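Worksheet: the structure to be examined is printed underneath.
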Amino acid sequence: MFSALSHLECPRCAATYDAFVRQGLCPSCASPLLARYDLPSVSLQRSALDERAPDLWRYHELLPVSAPENIVTLGEGMTPLLDVPRLAAALGLDRLWIKDEGLLPTGSFKARGAAVGVSRARELGVRAMAMPTNGNAGAAWSAYAARAGLDMLVAMPVDAPMITRVETAAAGGRLVLVDGLISDAGRMVSAAVAGSGWSDVGTLKEPYRIEGKKTMGFELAEQLGWRMPDVVVYPTGGGVGLIGIVKALGELVSLGWLAGPLPRMVCVQAAGCAPIVRAFDAGASESQPWADARTVAFGITVPKALGDFLVLAALYETGGTALAVTDDELLADVALVGRLEGLFLCPEGAATVTATRALVASGWIDPHEEVVLLNTGSGLIYPDTVPVDAVTIPADGRLTLPAVS
Ligand SMILES: *Cc1c(COP(=O)(O)O)cnc(C)c1O
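Every letter in the sequence shown is one number past the one before it in my numbering, and letter 314, counting from 1, is 334.
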């Protein structure tokens, strides 16, 4: 058995659906649908993974693609979990890790969702896909769609990072620039696909992108030697990665591969767009749309996430928290982590550093706890985050070196 996928389930109204035909949102309550697996039928042992390739398909029993020939891959997965002792010391922690998703194809962890989402779409006979994006998802889905021979249309805000436009174009994606936010692009895509042959593959509009993103949780557990950390800090836009990590760890607990409790999940948002933080502070189960959303951390500029109720439930269930950080703070941390560890984080990833500092200061994180930060993309996508301090000298000039310290 290549995949143990059994059915789709609505996490809001508990209805179940056939996973072997195309499905979008729950037909009865418009919630995102989640893939469920026949976990007792999985006979795979943890040790058998040692023989498998270091990509996310090593967990294929727990992924939705039924047949290996439908896999569309660019070699995604098994990103490094880096020990960052100099940063840990600066934050006052004993054990700190950064899982560096910036090394994935197309430069962000959106490649995980695209690899599994596009593979499954092709398997189910989809030929044309459209999505709103803040840039990174469009770049990733265009790349995988090209490899699968599928048509891809991407609608992104005009101020999304320039490189993601270029990546989309380079992969032959049809690009539409929207003079507005991702929520505006989302409305246009849903209206346009209705009744057409196109599939809306926007965040959580189909059930399989999250299955790709959950592999961050599988890798994390495997890389820690089948243990869980105490705290996972995640830069949250649509929240798919956060929900996915909790889903993955829960599946591993059900399989008996991991023992609980789950890590306390931390949702980090930018002060200029923090609907889930506001909802968490109010003890609410859903968020309200954020007006005038604006932050340099473009990947987390999501004024109202379709899966907000799942993110909030995951925070409440794991004893987690949510907090917002300012652009000035997170940009300072892009520079700090570069200096201390040589890692060029994306602004979203740097936001987790700022948040961790605040949580250590408030006592919410104990200095002896083990903390994992997700760097969701490469700093290379955002080339203007770090000021460059350099002198220019003429070709016949002389270079003087400072004394070695
Ligand atoms: C999309 C994105 C996020 C947010 O991801 P979600 O899982 O949807 O919350 C964070 N960082 C980067 C770089 C992104 O592209």
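Where a beta carbon is used, it is the ideal one built from N, C-alpha and C, also for glycine. What you are looking at is a predicted structure, and each value in this text was computed from that prediction instead of being measured.
Counting only the Cα atoms, Leu-111 lies some 26 Å from Trp-246. When secondary structure is reduced to three states using DSSP, Asn-154 falls in the coil class, being assigned neither helix nor strand.
Assignment of Leu-53 by DSSP, reduced to helix, strand and coil, places it in the coil class. With contact defined as three or more Cβ pairs closer than 8 Å, the region 196 to 203 and the region 175 to 188 are in contact.
Under the three-state reduction of DSSP, Tyr-228 is assigned to coil, being neither helix nor strand. Assigned with DSSP and collapsed to three states, Leu-45 falls in coil, not helix or strand. Under the three-state reduction of DSSP output, Ile-118 falls in the strand class. The nearest non-hydrogen atom of ligand 1 is less than 7 Å from the C-beta of Val-260. In the structure shown, Leu-326 falls within a coil segment according to DSSP collapsed to helix, strand and coil. Within the same chain, Cβ atoms closer than 7 Å to the Cβ of Thr-256 are found at Leu-262, Cys-287, Val-288, Gln-289, Ile-296, Ile-320, Val-331, the five residues on either side in sequence being excluded. The Cβ-Cβ distance between Gly-127 and Leu-393 does not fall below 8 Å.
The Cβ-Cβ distance between Ala-371 and Leu-350 falls below 8 Å.
Inter-residue distance for Leu-272 and Phe-238 is about 8 Å (C-alpha atoms, whole angstroms).
With fewer than 16 other CB atoms across the displayed protein chains lying within 10 angstroms of its CB, Ala-68 is exposed. Just measuring C-alpha positions, the residue of Asp-70, Leu-82, Ala-39 sitting nearest Gly-270 is Leu-82. A straight line joining the alpha-carbon of Ala-291 with that of Pro-414 spans about 44 Å. Apart from the 5 residues on each side of it in sequence, Pro-387 sits with its Cβ closer than 8 Å to the Cβ of Gly-112, Leu-113, Asp-114, Val-380 in its chain, given in chain order. Going by DSSP, Thr-256 is part of no alpha helix (DSSP H) at all; its letter is neither H nor E. Remark: the C-beta of Lys-233 is in contact range of ligand 1, defined as less than 7 Å to any heavy atom. Annotation for Ser-128 indicates a beta carbon within 7 Å of some heavy atom of ligand 1.
Ser-23 is positioned such that its CB atom lies no closer than 8 Å to that of Pro-74. Look at Val-391 here: in three-state DSSP terms it is strand.
CA-CA distance, Val-136 to Val-41, rounds to 16 Å. In its chain, beyond the 5 residues on either side, Glu-121, Thr-396 have a beta carbon closer than 6 Å to the beta carbon of Phe-129. Nearest to Glu-390 by alpha-carbon distance, out of Leu-170, Pro-283, Ala-352, Arg-140, is Pro-283. In this structure, the CA atom of Val-138 is about 13 Å from the CA atom of Glu-96. Straight-line spacing of the CA atoms in Gly-362 and Leu-107 works out to 11 Å.
The C-beta distance from Thr-184 to Ala-165 rounds to 15 Å, too long to meet the 8 Å contact threshold. Assignment of beta-bridge partners to His-27 by DSSP yields Arg-56. Per the coordinates, the alpha-carbon of Arg-229 lies some 50 Å from the alpha-carbon of Val-424. Restricting attention to Thr-93, Thr-405, Met-149, Glu-187, the CA atom closest to the CA of Val-354 is found in Thr-405. Pro-295 carries a helical assignment under DSSP once its states are collapsed to helix, strand and coil. Excluding sequence positions up to five before and after Val-92, its CB lies within less than 6 Å of the CB of Val-138, Ser-139, Tyr-164, Arg-167, Ala-168, all in the same chain and listed in chain order. In the three-state scheme derived from DSSP, where H, G and I count as helix and E and B as strand, Arg-247 is classed as coil.
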